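Chains as they are written, first to last, in the numbering used here: chain D, 4 to 147; chain C, 8 to 272.
Each remark here refers to the structure printed beneath this line.
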Amino acid sequence: MKAKKQRLILALLALAAVIGAGLLAASGLKQEASFFYAPGDVDHSQLPLDRAVRLGGMVKEKSIRHDPDGVTIHFIVEDGKATVPVSFKGIAPDLFKEKSGVVAEGHFQRDGSFVATNLLAKHDERYMPPELEGKMHKTGSLTQ
Amino acid sequence: MQDLKLRGVGQEIPFRKDILSPKARPEMHAYANPARFLKLARPLTPVFLFAGLMLILAGSYAGLVLTPKDYLQGDSVRILYIHVPAAWLGMGGWSALAIASIVQLVWRHPLAGVAARAIAVPGALFTALCLITGSIWGRPTWGTWWEWDGRMTSMLVLLFLYFAYIALANASEERTSVSRATAIFGIVGAVNIPIINRSVVWWNSLHQGPSITLKGSTIAPELLWPLGPTLLGFSLLFGAIVLMRMRANLAEAKREARLRRLAAA
């Protein structure tokens, strides 16, 4: 009986240590493991001009502008703290639209704007049939 | 000497206590005796299998035909009725495997290792299914097949952990149960489970946050309801696969023990 108890304590201690180590490592990786930077994370005095980065956030309402060439778009990415103007030349995914999530891959420019070479649409956790769309959005804005 | 006699086909051959592990003392646990476990597992296997398949069929029909489209994703939302159960079973499989590993190491329960060995293969299968369905959904929704995002990367790590576990289990001399080193690996690998679960909360990720939380669901009820039958159905199918694999492994051990006894006689 005593040996069994010792093994149980040892196994539980090992499990706690392993999970603790995992959580520590995961929180240490907070910056590195993030898939994209939000506009609020961007330090404008130290823009990473020399490498490709991802910028993610919401597309600001009524900010999408199309250039006359038909393939270049300009829009503003916001996260509630800051905004970044983005331009992109190419085909945007179907789900790319105003007030929805986007992840842009590309480079920051010296003036703080962002030139994207690729766009990904970020889907949120809400799923609903088309006829409910307006309703749920209204209740959403009421509670906010 | 009763055990050494060869019995006729179809007759029950009693399990000797030394088949699984000579050091085990099965009389200490109600289900440590494989014969008693098999008595329960034999009728449960077809029940799990057919109930599971029925629920999967019903849930798939509901998810493919009866539910409306999503307002943004259109028809591609329907992959959720397979993707979510696959993710749940991939992660739940390793959780069960880790619990079985603890039971094996602490209580030396002779069936715990058999169960862990049986869970590993369907666990890997459902993890792979989760990654594949997610990739198929990601292309039309996000615009990419694959990104090294926190959720996707940690799920891929889980698949590799399963592969490593299967390789480790097969590398040891234990054929029916698993070696102690394999059980320790099963416990250490559990560190990845909370990381997968929290990956979309801790880090900015392309994968959306959790839809179903303690506070409720952000999936409209019209779209959500077939998920219940498919979740339960795939779980029952998973259970049936585990029972079948455990029974096959025990039968193999029984056959080998019998051949050894015959050879010795």
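Glycine included, C-beta positions come from ideal geometry on N, C-alpha and C.
This one's a predicted model, so the numbers in the text were calculated from it and none came from an experiment.
At least one C-beta of chain C is nearer than 9 Å to the C-beta of residue 30 of chain D.
Comparing C-alpha distances from residue 24 of chain D to each of C:229, C:198, C:231, C:132 shows the shortest one belongs to C:198.
As computed with DSSP, residue 124 of chain D is found in a beta bridge with D:105.
For the stretch 102 to 126 of chain C, residues whose beta-carbon sits nearer than 9 Å to a beta-carbon of chain D comprise 105, 108, 109, 112, 113, 114, 115. Within the stretch 169 to 186 of chain C, contact with chain D at the beta-carbon level (separation under 8 Å) is assigned to no residue. Legend: CB atoms of the stretch 202 to 215 of chain C lying less than 7 Å from CB atoms of chain D belong to residues 202, 209, 210, 211, 212, 213, 215. Secondary structure note for residue 45 of chain D: it is in no beta strand (DSSP E), with a DSSP letter that is neither H nor E.
When C-alpha distances from residue 83 of chain D are compared across D:77, D:60, D:10, D:118, the shortest belongs to D:60. Taken in chain order, the unbroken stretches of alpha helix (DSSP H) that lie wholly in the stretch 156 to 201 of chain C and span 4 residues or more are 157 to 178, 187 to 195. Within 8 Å of the CB of residue 75 of chain C, the CB atoms of chain D belong to 132, 133, 134, in sequence order along the chain. Looking at the DSSP output, residue 119 of chain D shares a beta bridge with D:91, D:109.
The beta carbon of residue 87 of chain C falls within 9 Å of a beta carbon belonging to chain D, placing the residue at that interface. Of all residues in the stretch 102 to 117 of chain D, only 106 place a beta-carbon less than 7 Å from a beta-carbon of chain C.
Taking 9 Å as the cut-off, the beta carbon of residue 101 of chain C is found closer than this to the beta carbon of residue 165 of chain C. In this structure residue 65 of chain D is not in contact with residue 86 of chain D, their Cβ atoms being roughly 13 Å apart against a cut-off of 8 Å. Put simply, of C:237, C:109, C:227, C:177 the residue whose alpha carbon is nearest the alpha carbon of residue 16 of chain D is C:109. Using a Cβ-Cβ cut-off of 9 Å, residue 59 of chain D counts as an interface residue toward chain C, since at least one Cβ of chain C sits closer than that to its own. Counting along the chain, the unbroken beta strand (DSSP E) around residue 58 of chain D starts and ends at 56 to 62. Interface residue (Cβ-Cβ distance to chain C less than 9 Å): residue 46 of chain D is not classified as such. The shortest C-alpha to C-alpha distance from residue 79 of chain C to any of D:124, D:74, D:6, D:8 is the one to D:124. Contacts with chain D at 9 Å (Cβ-Cβ) do not include residue 232 of chain C. Residue 111 of chain C sits buried, since 16 or more C-beta atoms from the chains shown fall within 10 Å of its C-beta.
A distance below 7 Å between beta-carbons, with the five flanking residues on each side excluded, links residue 74 of chain C to the following residues of its chain, in chain order: 229, 230, 233.
Sorting D:133, D:127, D:115 by C-alpha distance to the C-alpha of residue 48 of chain D places D:115 at the top. Taking CB atoms only, residue 119 of chain D has no neighbour in chain C less than 9 Å away. For residue 96 of chain D, the chain C residues whose C-beta falls within less than 9 Å of its own C-beta are 147, 148, 149, 150, 151, listed in chain order.
Between the alpha carbons of residue 114 of chain C and residue 7 of chain D lies a distance of about 6 Å. Looking only at D:81, D:130, D:75, D:133, the smallest Cα-Cα distance to residue 119 of chain D is reached by D:75. The CB of residue 22 of chain D comes closer than 8 Å to the CB of 197, 198, 201 in chain C, given here in chain order. Here the alpha carbon of residue 237 of chain C sits roughly 8 Å from the alpha carbon of residue 65 of chain C.
Where residue 63 of chain C is concerned, the enclosing alpha helix (DSSP H) starts and stops at 41 to 68. Within chain C, the residues 149, 150, 151, 154, 213 have their CB atoms less than 8 Å from the CB of residue 123 of chain D, given in chain order.
Here the alpha carbons of residue 116 of chain C and residue 193 of chain C stand approximately 16 Å from one another. With 16 or more other CB atoms across the displayed protein chains lying within 10 angstroms of its CB, residue 90 of chain C is buried. Taking 8 Å as the upper bound for CB-CB distance, residue 207 of chain C and residue 268 of chain C are not in contact here, some 55 Å apart. As the crow flies, the alpha-carbon of residue 9 of chain D is around 32 Å from that of residue 246 of chain C.
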